[in-house]
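For reference, the structure discussed in these notes is given below.
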Amino acid sequence: MYTQGLDQRAPEGAAKAADDAAALVAFQARIDAEEKIEPNDWMPQGYRRTLVRQISQHAHSEIVGMLPEGNWITRAPSLRRKMILLAKVQDEGGHGLYLYSAAETLGVPRAEMVEQLLAGKAKYSSIFNYPTLTWADIGAIGWLVDGAAIMNQVPLCRCSYGPYARAMIRICREESFHQRQGYELMLKLAQGTSGQKRMAQDALNRWWWPSLMMFGPSDKESIHSSQNMAWKIKRVSNDDLRQKFIDVTVPQGHFLGLTFPDPELRLDEASGHWLHGPIDWTEFNRILAGDGPCNRERMAARRKAHADGAWVREAAAAHAAKRANRQRAKAAE
Amino acid sequence: MTDNRMEWPLWEVFVRSRNGLAHRHVGSLHAVDGTMAAELARDVYCRRAEGVSVWVARSADIVASDPARKDELFEPMVSKVYRHPTFYEIPSDVKNI
Ligand SMILES: [Fe+2]
Ligand SMILES: [Fe+2]
């Protein structure tokens, strides 16, 4: 599960004014008191809209995120690795379903969200628009991409919206396995032949910067941040999360005997933080706008999977209708 | 995308984590009927050792209390503290009570 500060539109003022001022004050007081908001409670339109957008983008990311790794299931080098990868990809599908359910509690039908994704109108995490070129990429994704996702998601377990927070708790419990299997895979390659080690280094080189971009734009550019912080939808800033991720990940990479593709990366003794070089946000924006290495391929694969499954959905509905009819006839006898 | 709007009904899923414990709400899913909902619940909500039994109920069949009436329905215990054992002062010399 992978959330990202994807949207840079400012919240609409008109909708806000429509909400009763007193209700807004009472709502904020509940949030400030760390009370959870549940589906049927009153909430400002902007709060609902923000959550629908964030949770559905998050769900789409889980679903699209199955594609780069699914790509390697049939090519896993051993039965053990194949079972692990299958279980991981299945988990990601499950994460997508928990999140769609959470978004549905806000009144948006599942079919509408799926339609938006397939029509190319919905956003999903930029990270899944990069290709998985070698087996080492599966290790790098588990270690770095799931690692970054965990960093992002742990604070979301305390999100003010109950159903989202509960889905996140469930997801976080499952993510740790994803990260550990990835790191273990990298470790095996790093301790292997020189060719295997080269493969691991190449994967780290390609996945490092995209992983850092998963935390979204810098706080200085993120328009949504302050309102979302006040509503306790977001609880830690993008830059703080990114720094935390770098600080825990760099020593893990050094343990593998690998290097990071950032010549400016250095430990600042005074603060104890690993300082990094500038992030290429033009690449990030290009991918979000739909022009990454795999955007078209991912959407095409999603649409094909949905179209190929149409007969299953139709058959299941027809079967259920037949059984219901039979039961009604029996009851009438 | 002709069939997109042919939405399957929503089901709420309850899982008993082990015998002796009550079923607990874990989430929801879409399915054509109850049999399918229970089967899908296994894959969606029990991929690890989360449960030994599943209940599913159509979300539309659940009747919920109105959150706006929360205060009148669940009046805070502040006014009914005498319903709690701690309300009663018993000398410490009195045992087993
Ligand atoms: Fe996930
Ligand atoms: Fe994951």
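Protein sequences, first through last, are from chains X and H. Whatever position you read off the first sequence (first residue = 1), add 450 for the numbering used here. Whatever position you read off the second sequence (first residue = 1), add 924 for the numbering used here. Idealized CB from N, CA, C, for every residue including glycine.
Not a single heavy atom of ligand 2 lies less than 7 Å from the C-beta of H/H954.
Contact between the segment 470 to 480 of chain X and the segment 507 to 523 of chain X is not established, with fewer than three Cβ pairs separated by less than 8 Å. Nearest CB-CB separation between H/A981 and chain X: not below the 8 Å threshold. From the beta-carbon of X/P527, no residue of chain H is found nearer than 7 Å; the closest lies around 24 Å away.
With a cutoff of 7 Å, X/E625 counts as near ligand 1, since its C-beta is closer than that to a heavy atom of the ligand. Interface annotation for the segment 950 to 963 of chain H against chain X: V950, G951, S952, L953, H954, A955, V956, D957, T959 and M960, criterion Cβ-Cβ distance under 9 Å. For X/W659, the enclosing alpha helix (DSSP H) stretches over residues S644 to M663. For H/L945, the closest Cβ of chain X is not nearer than 8 Å.
For X/L717, DSSP records a beta bridge to X/W724.
Taking C-beta atoms under 8 Å as the contact rule, H/E936 and H/H947 fail to qualify, at a distance of about 11 Å. Nearest to X/H704 by alpha-carbon distance, out of X/A765, X/I737 and X/A640, is X/A640.
A direct Cα-to-Cα measurement between H/A955 and H/Y1012 gives close to 52 Å.
Distances from the alpha-carbon of X/Y574 to those of X/G612, X/G557 and X/R503 put X/R503 closest. For X/E565, the shortest separation between its Cβ and any heavy atom of ligand 1 does not lie below 7 Å. Under the DSSP assignment, X/F477 falls in the alpha helix (DSSP H) whose first and last residues are A471 to D482. Nearest in C-alpha terms to H/A973, of all of X/G546, X/T524, X/E624 and X/W761, is X/E624. Each of X/Q702, X/R778, X/W724 and X/E565 was checked against the Cα of X/D712, and the nearest Cα belongs to X/W724. Bridge pairing for H/A981: H/E936 [DSSP].
Fully contained in the segment 492 to 553 of chain X are the following alpha helix (DSSP H) runs of length 4 or more, in chain order: 495 to 514 and 516 to 520. Between X/W585 and X/P660, the gap from beta carbon to beta carbon reaches 8 Å or more. A heavy atom of ligand 1 is found nearer than 7 Å to the CB of X/E512. Closer than 7 Å to some heavy atom of ligand 2: that does not describe the Cβ of X/A598. Separation of the CB atoms of X/A590 and X/G546 is rounded to 22 Å, and the pair is thereby denied contact status at 8 Å. X/D491 reaches chain H at P991, counting residues in chain order whose Cβ is nearer than 7 Å. Counting along the chain, the unbroken beta strand (DSSP E) around H/G951 starts and ends at R948 to H954. X/L662 is the residue among X/L662, X/A774, X/Q507 and X/S676 whose C-alpha sits nearest the C-alpha of X/G727. For X/R752, the uninterrupted alpha helix (DSSP H) run begins and ends at N745 to D758, by DSSP. Rounded to whole angstroms, the Cβ separation of X/M749 and X/G570 is 6 Å, and the two are in contact under 8 Å. For ligand 2, no non-hydrogen atom lies closer than 7 Å to the CB of X/E634.
Distance from the C-beta of H/I986 to the nearest heavy atom of ligand 1 is not below 7 Å. Cβ neighbours of X/R560 within its own chain (closer than 7 Å, five residues either side excluded): Y550 and E554.
For the segment 549 to 620 of chain X, the full-length alpha helix (DSSP H) segments reaching 4 residues or more read 560 to 568, 586 to 590 and 596 to 603 along the chain. Looking at the backbone, the Cα of X/A552 and that of X/L501 are separated by about 10 Å.
With contacts defined by Cβ atoms closer than 8 Å, X/M664 and X/I523 do not form a contacting pair.
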